[in-house]
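*Asks:* Supplied in structure tokens, the structure appears directly below.
2 protein chains.
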Amino acid sequence: MVNRKILITGAGGFTGWHACQYFLNNGYHVVGLVRKKRFNKDLPNYEERECDLTDEFSVYDAIKAVKPDYILHTAGKNDVKESWEKPAEYVTVNVLATVHLLEAVRKVKNNGKILVIGSALEFDPSGLPNQPYGLTKTFQSLVAKSWETLFHLPIMIAKPTNLIGPGPSNGFCSLIAEKIALAEKDCLAEPVLIDDLTQERDFLDVRDAVRAYELILLKGKIGEVYPIGTGCYRTLMNVIDSYQSLTTVPVPVHIKANKHDLGIDKGKGRMDLTNIRALGWHPGYPFLSSLSDILTYYRNKG
Amino acid sequence: MVNRKILITGAGGFTGWHACQYFLNNGYHVVGLVRKKRFNKDLPNYEERECDLTDEFSVYDAIKAVKPDYILHTAGKNDVKESWEKPAEYVTVNVLATVHLLEAVRKVKNNGKILVIGSALEFDPSGLPNQPYGLTKTFQSLVAKSWETLFHLPIMIAKPTNLIGPGPSNGFCSLIAEKIALAEKDCLAEPVLIDDLTQERDFLDVRDAVRAYELILLKGKIGEVYPIGTGCYRTLMNVIDSYQSLTTVPVPVHIKANKHDLGIDKGKGRMDLTNIRALGWHPGYPFLSSLSDILTYYRNKG
Chain A
1 MVNRKILITG AGGFTGWHAC QYFLNNGYHV VGLVRKKRFN KDLPNYEERE CDLTDEFSVY
61 DAIKAVKPDY ILHTAGKNDV KESWEKPAEY VTVNVLATVH LLEAVRKVKN NGKILVIGSA
121 LEFDPSGLPN QPYGLTKTFQ SLVAKSWETL FHLPIMIAKP TNLIGPGPSN GFCSLIAEKI
181 ALAEKDCLAE PVLIDDLTQE RDFLDVRDAV RAYELILLKG KIGEVYPIGT GCYRTLMNVI
241 DSYQSLTTVP VPVHIKANKH DLGIDKGKGR MDLTNIRALG WHPGYPFLSS LSDILTYYRN
301 KG
Chain B
1 MVNRKILITG AGGFTGWHAC QYFLNNGYHV VGLVRKKRFN KDLPNYEERE CDLTDEFSVY
61 DAIKAVKPDY ILHTAGKNDV KESWEKPAEY VTVNVLATVH LLEAVRKVKN NGKILVIGSA
121 LEFDPSGLPN QPYGLTKTFQ SLVAKSWETL FHLPIMIAKP TNLIGPGPSN GFCSLIAEKI
181 ALAEKDCLAE PVLIDDLTQE RDFLDVRDAV RAYELILLKG KIGEVYPIGT GCYRTLMNVI
241 DSYQSLTTVP VPVHIKANKH DLGIDKGKGR MDLTNIRALG WHPGYPFLSS LSDILTYYRN
301 KG
């Protein structure tokens, strides 16, 4: 039997690489698109392919060559702070690249189901945006919805909350773990500056998220939007306390006055998890076990 | 006294060139941005400048060199039918170009007020899009609103309905007039194919629209959206009848079965003209006089 073939964009990224590993372990043939090959990942059933998603011909060639049964679009930029400085780059990479991907699928007439990864930080377009990153993710989801509606492509949308887990990430939990690992080695670590410890977020293990992505690709309803999270909101203070239970050094954080609000809602607008739960999905990694794995990753990083 | 300086994007286009003429006649120094200079427009107080709005550096250089008191952003693609074939191009030209323009203003710290020209064909983003052109204009307006909200640029938005008037245009009224002028010269003119004569539209003379644009730039409220139209909806049948009263040849049209709905709402969602009327604006060109001027343009075109 021929393996089902999945194309994963952003395969060099945090979520993308976790997704590659997950789908490989579950018997898929995985083609990972990366902007630039960094080293040979010599794994059975894995191919890595260079592709610049902001170049429409590069994307077209990739889809035409691969003809995937499934497409998981994880590529994109996701640093809220950076998006304030380089909003045009975020529009190009998060919006235009998605347009190129879906246009390539349309032109090649590829039939495989497509899952576009949006974000829980999208804003309601009838209101006002709170930050550029969320704006571009809102656009990306509207593009996905539009290509499904107007051009009848088999697209679904996942909107995960804050993804955490081992591996290179610019997220809050990774940042703290990296500092702890340095402090444990007696390295001088600049403390992490935190604006507001009462900020609440829903932290979900990336490995739980990619399991949800497979379920959606296999059993999801075309055109549907799937918010994904644990449903449990934690303050940043709670994250610090949890890490403190995993180490003997003081967690190196420094609380500063709240000068620059990045525009992240503080636990407002809780997600409706009905759709993903209807597919039988529930998160599997307890929060402390995710943090422990992240810490292990940085302790071993050397 | 130094003239106020206005930068007009899309100066080679239908609306853009009418705007250039209007602002020149009203004592402004006008800098017209065009993709490619076609011929020398040797007019006092007029400068033409090549600029590729899809190239962020080209736009940045233009804003830095011109430092306009006002910016009128008319550039963009507006052919609904073409947008079904080349949606990626419409995203690039209508959305990304607007991002580059507003980013250039932000980086140069140019203080001049900005009027972004949206469209009455935008869709409500909480619903479903009906065609790609409208989608990209919805994105463009969301970008304008966002750069005003997030980066505090002095932006306003105009949403004109179908603009008509003398000059090269791909609009319905121009198409008919061109065929009439050919028929009057005994040239064999393929009749215009019309899907549905009962379709209703609000036709506004472009010269009335650019007068509204000046009013908004001078007296409008930052962040406000200004729908612009006559408030009077006409069927395409009414347009044909009106043209018939201006010529002795039969208006060359052919009614075909409605095969391909372009996704233009048939007079649904009438515009709220309160904001523009509050500035004291009312349309000045009667419909028949606009049609007559369009016909004269094509009769003289040779």
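Sequences listed follow chains A and B, in order. The UniProt record's numbering applies: residue 1 is where the first sequence begins, and numbers increase by one. The UniProt record's numbering applies: residue 1 is where the second sequence begins, and numbers increase by one. Where a beta carbon is used, it is the ideal one built from N, C-alpha and C, also for glycine. Note that the coordinates shown come from a computational prediction; the quantities given were computed from them, not determined experimentally.
1) May I ask which residues mark the beginning and end of the beta strand (DSSP E) holding Gly-134(B)?
2) Taking the alpha-carbon positions, what's the Asn-110(B) to Ala-209(B) distance?
3) Residues in the segment 176-192 of chain B with C-beta within 7 angstroms of chain A's C-beta atoms, listed in sequence order?
4) Check each candidate in Leu-188(A), Val-30(A), Val-95(A), Gly-165(A) and name the one with the smallest Cα separation from Gly-134(A).
5) Any idea what DSSP makes of Leu-128(A), helix, strand or coil?
6) Report yes or no: is there a C-beta of chain A within less than 8 angstroms of the C-beta of Gln-131(B)?
7) Find the residues of chain A that neighbour Glu-122(B), judging by a C-beta separation of less than 8 angstroms, and give them in chain order.
8) Give the range of the alpha helix (DSSP H) segment to which Asp-293(A) is assigned.
9) Going by the beta-carbon positions, is the gap between Ala-104(A) and Ile-155(A) smaller than 8 angstroms?
10) Closer than 6 angstroms by C-beta to Gly-231(A): which residues in its own chain qualify, once you throw out the five before and the five after it? Chain order, please.
11) Counting only beta-carbon separations shorter than 8 angstroms, does His-282(B) have a partner in chain A?
12) For Gly-267(A), which residues in the same chain have their Cβ closer than 6 angstroms to its Cβ, ignoring the five residues on either side in sequence?
13) Comparing C-alpha positions only, which one of Gln-21(B), Ile-117(B), Cys-51(B) sits nearest to Val-143(B)?
14) Taking only three categories from DSSP, how would you classify Pro-227(B)?
15) For Leu-135(A), go through chain B and note every residue whose CB falls closer than 9 angstroms to its CB, in chain order.
16) In the DSSP output, which residue or residues are listed as bridge partners for Ile-194(A)?
17) If you measure beta-carbon to beta-carbon, which residues of the segment 100-127 of chain B are closer than 8 angstroms to chain A?
18) Under a CB-based cut-off of 8 angstroms, is Val-225(B) close to chain A?
19) Would you mind giving the Cβ-Cβ distance between Tyr-297(A) and Gly-171(A), rounded to the nearest angstrom? I have them listed as a contact below 8 angstroms.
20) Count the other CB atoms, across all protein chains shown, that sit within 10 Å of the CB of Ile-157(A); report buried if there are 16 or more and exposed otherwise.
21) Measure the CB-CB distance between Phe-115(B) and Tyr-213(B) and report whether it falls below 8 angstroms.
22) Please state whether DSSP places Phe-172(A) in a helix, a strand or coil.
23) Let's see if you can read the secondary structure: which residues bound the beta strand (DSSP E) around Gly-32(A)?
24) Between which two residues does the alpha helix (DSSP H) harbouring Tyr-90(A) extend?
25) What do you reckon, are the CB atoms on Asp-69(B) and Lys-5(B) nearer than 8 angstroms?
26) Determine the burial state of Ile-216(A): buried for a count of at least 16 other Cβ atoms within 10 Å of its Cβ, exposed for fewer.
27) Can you name the residues of chain B whose CB is closer than 8 angstroms to the CB of Val-97(A)?
*Replies:* Let me spell this out:
1) Boundaries around Gly-134(B) are those of the alpha helix (DSSP H), 132-151, since no beta strand (DSSP E) includes it.
2) Using only the alpha carbons, I get a separation of about 25 angstroms.
3) Within the segment 176-192 of chain B, no residue has a Cβ lying closer than 7 angstroms to any Cβ of chain A.
4) The closest CA to that of Gly-134(A), considering only Leu-188(A), Val-30(A), Val-95(A), Gly-165(A), is found on Val-95(A).
5) Here Leu-128(A) sits in coil by DSSP.
6) Interface with chain A (8 angstroms Cβ-Cβ cutoff): Gln-131(B) is included.
7) By Cβ distance, chain A contributes nothing, its closest Cβ being about 11 angstroms from Glu-122(B), past 8 angstroms.
8) Per DSSP, Asp-293(A) belongs to the alpha helix (DSSP H) from 287-301.
9) In terms of Cβ geometry, Ala-104(A) and Ile-155(A) do not form a close pair [threshold 8 angstroms].
10) The residues are Leu-273.
11) By this cut-off, His-282(B) is not an interface position.
12) With a pLDDT of 48 at Gly-267(A), under the threshold of 50, the modelled position of this residue cannot be trusted, and the question is left open.
13) Considering only Gln-21(B), Ile-117(B), Cys-51(B), the residue with the shortest C-alpha distance to Val-143(B) is Ile-117(B).
14) In the three-state reduction of the DSSP assignment, Pro-227(B) falls in the strand class.
15) In chain order: Leu-142, Val-143, Ser-146, Leu-150.
16) DSSP lists Ile-255(A) as the beta-bridge partner residues of Ile-194(A).
17) Answer set for the segment 100-127 of chain B: His-100, Glu-103, Asp-124, Pro-125, Ser-126.
18) Interface residue (Cβ-Cβ distance to chain A less than 8 angstroms): Val-225(B) is not classified as such.
19) No, Tyr-297(A) and Gly-171(A) are not in contact; Cβ-Cβ is about 12 angstroms, not under 8 angstroms.
20) Only buried fits Ile-157(A), as 16 or more other CB atoms lie within 10 angstroms of its CB.
21) Per the sequence presented here, residue 115(B) reads as Leu, with Phe not at that position. A contact, by the Cβ cut-off of 8 angstroms.
22) Phe-172(A): helix per DSSP, three-state reduction.
23) 29-34 is the extent of the beta strand (DSSP E) around Gly-32(A).
24) Looking at the DSSP string, the run of the alpha helix (DSSP H) that includes Tyr-90(A) is 87-90.
25) Taking 8 angstroms as the Cβ cut-off, Asp-69(B) and Lys-5(B) qualify as a contacting pair.
26) The residue in question, Ile-216(A), is buried, as its Cβ has 16 or more Cβ neighbours within 10 Å.
27) Position check: residue 97(A) holds Ala in this sequence, whereas Val was assumed. None at all; the shortest Cβ gap to chain B is about 10 angstroms.
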